[in-house]
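Working notes, structure below.
Residue numbers (the working numbering): 351 to 675.
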C-alpha cells in the first residue's frame, strides 16, 4: 500500500532532484542582525546564539564547520550530498565580499550540491540579489526570509524591526532574479496570536511566489526576552495537540507546489525552557500526521480561502489593520 502524501515534502523533493539523500548542514559565517546592532537584543524569541543549530561549531573556520556537518549528517542520516545552510542571524547583513567568499568556500567543498542563506527581508539590497543570482546560475540556491507572522502588531511585539510590506517587497524583487528559490519561516504559538491570526498568515503566504516554507513551533529559550514574559505568566505555550491542529490548518491553505521544508523545530534541551514536549521531534511529526489523517485532509485543500496579492497590497497601502495588523 502506497504511503499517503499529506504535504509536499522537501526531503522527498531533494531525493527526486538529486537522486540520492541530501541533507542541509547549518553553519555560521559570523553574521549578526540589524536589530542587535541598532536597537537592542534582537527579536524577543531569540537567544544569544541566534537560534543556531546545536551542531554548529561557530568558532571554527567555515570549511571545518562544513566537514564536521558532513560527517555528522552522513553518520546520522546516510546523506551523500549536502546543502550548506548559512543559518544563525542575518547572513546578508555582512560585507558583500565576505558573503561572496563564504559562498565560494562552501561550493569548493566536495559533495556540496547547494547553498541556503537565512536572512531578513529588510537586508537584501540589489547588490546582494545580484550576487546571489550569479550563484543561482551555478548551483541550487535558496534564500530563506524570516517573516514569522503577517501581522504588524505581532511583528512589533516580538521586535522584528520590519513589516509585512518589506517582506512582500523582498519576495517580489527576489522573484525577478533568475534561478533563486525563495522560502519563508513562520512561527506558530507567538504570544497574542489566535487561530484566525495564524490562518490569516497562511492566506497571505498562499498568494506569494514562494517555493518553500518552514513552520516552527515557538520555543522559549533561556536568555531570550520571551523567557521573562513566560516565567511571569504573561502567556502560555501551546500543547502538542494544539500545535498539530494549527500546523494542519496552515498547510491546508498553502498551494500544493510549495515545498514544506519543516513542520516543527528542534532545540537543545539545555537551552529550552518550554514546551518540553517538543524535544521528542518524531512524536510531534507523528501527531501532525495523525491530525491530517483524522481530518482526511492534505496540503491545499482549503486554498480557495486565499486572498489575492493585489488585495494584500491594497490593505497595506491603505493602512488597514483589522486583518493584517
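All C-beta atoms, glycine included, are put in the ideal place defined by N, C-alpha and C.
Note to self: Quick check on the burial criterion: 16 or more other C-beta atoms within 10 angstroms. Buried or exposed for residue 367?
What the structure shows: exposed
Next item on the list: Give the C-beta separation of residue 527 and residue 482 to the nearest angstrom, bearing in mind that I take them to be a contact with Cβ-Cβ under 8 Å.
Entry: 7 Å
Check: According to DSSP, is residue 535 helix, strand or coil?
Finding: strand
Check: With distances taken from CA atoms, which of 372, 362 and 400 is nearest residue 384?
Finding: 400
Next item on the list: Please report how far the alpha carbon of residue 392 lies from the alpha carbon of residue 398, in whole angstroms.
Entry: Rounded to the nearest angstrom, the two C-alpha atoms are 9 Å apart.
Check: Just checking, does the region 413 to 426 make contact with the region 595 to 613 on the three C-beta pairs under 8 Å criterion?
Finding: no
Margin query: Let me confirm a value: residue 438 is counted as buried when at least 16 other C-beta atoms fall within 10 Å, else exposed. Which label applies?
Written below: Classification of residue 438: buried, given that the 10 Å Cβ count is 16 or more.
Notebook entry, point to check: Given 8 Å as the limit, is there contact between the region 566 to 583 and the region 515 to 526, that is, 3 or more CB pairs closer than that?
Noted result: no
Next item on the list: Can you grab the Cα-Cα spacing for the pair residue 540 / residue 403, in whole Å?
Entry: Residue 403 has its alpha-carbon roughly 20 Å from the corresponding atom of residue 540.
Item checked: Nearest-angstrom beta carbon gap, residue 563 and residue 634 [assumed within contact, 8 Å] -> Not really, about 17 Å apart at Cβ, beyond 8 Å.
Note to self: Do residue 432 and residue 365 have their beta-carbon atoms positioned less than 9 Å apart in this structure?
What the structure shows: no
Next item on the list: Please name the residue in 663, 579 and 649 whose C-alpha comes closest to that of residue 359.
Entry: 649
Notebook entry, point to check: Should the region 500 to 511 be regarded as contacting the region 439 to 453, the criterion being three or more beta carbon pairs within less than 8 Å?
Noted result: Too few Cβ pairs lie closer than 8 Å, so no.
Check: Which class does residue 436 belong to by DSSP, given the choice of helix, strand or coil?
Finding: strand
Notebook entry, point to check: To which residues does DSSP link residue 624 through a beta bridge?
Noted result: 570
Note to self: Quick check: residue 497 and residue 555, are their CB atoms within less than 9 Å of each other?
What the structure shows: yes
Next item on the list: Assign residue 413 to one of three DSSP states: helix, strand, or coil.
Entry: In the three-state DSSP reduction, residue 413 falls in the helix class (H, G or I).
Notebook entry, point to check: Which residues mark the beginning and the end of the beta strand (DSSP E) in which residue 467 is found?
Noted result: 462 to 469
Notebook entry, point to check: Given that a residue counts as buried once 16 or more other Cβ atoms are within 10 Å of its Cβ, and exposed if not, what is residue 469?
Noted result: Answer is buried; the Cβ neighbour count reaches 16.
Item checked: Beta-carbon separation (whole angstroms), residue 692 vs residue 377, contact threshold 8 Å -> Not covered by the structure: residue 692. The range shown for the chain is 351 to 675.
Notebook entry, point to check: Going by alpha carbons, who is nearest to residue 535 out of 413, 582, 499 and 354?
Noted result: 499
Checklist line | Beta-carbon separation (whole angstroms), residue 532 vs residue 491, contact threshold 8 Å | finding: Contact flag wrong, Cβ pair sits at about 10 Å.
Notebook entry, point to check: Roughly how many angstroms separate the alpha carbons of residue 362 and residue 582, rounded to a whole number?
Noted result: 42 Å
Margin query: Given a cut-off of 9 Å on the beta-carbon distance, is the pair residue 614 and residue 580 in contact?
Written below: no
Notebook entry, point to check: Quick one: complete alpha helix (DSSP H) runs, 4+ long, within the region 497 to 525?
Noted result: You should have 502 to 507 and 514 to 525.
Margin query: Please report the straight-line C-alpha distance between residue 354 and residue 632, rounded to a whole angstrom.
Written below: 17 Å
Check: Under 9 Å between the Cβ atoms of residue 406 and residue 441?
Finding: Contact flag unset, no.
Next item on the list: With a 10 Å radius around its C-beta and 16 neighbouring C-beta atoms as the bar for buried, classify residue 412 as buried or exposed.
Entry: Buried: at least 16 other Cβ atoms inside 10 Å.
Checklist line | Unbroken stretches of the alpha helix (DSSP H), 4 residues or longer, contained in the region 568 to 608 | finding: Qualifying alpha helix (DSSP H) stretches, in chain order: 575 to 581 and 590 to 601.
Notebook entry, point to check: In terms of residue numbering, what span does the alpha helix (DSSP H) encompassing residue 448 cover?
Noted result: 446 to 458
Notebook entry, point to check: With residue 444 and residue 486 assumed to form a contact (beta carbons below 8 Å), what rounded beta-carbon distance in angstroms separates them?
Noted result: Actually they do not touch by this definition, with Cβ atoms about 19 Å apart.
Next item on the list: Could you say which of 624, 590 and 612 lies nearest to residue 576 if we only look at CA atoms?
Entry: Ranking 624, 590 and 612 by Cα distance to residue 576 puts 624 first.
Next item on the list: Just the C-alpha distance for residue 415 and residue 461, rounded to the nearest angstrom, thanks.
Entry: 14 Å
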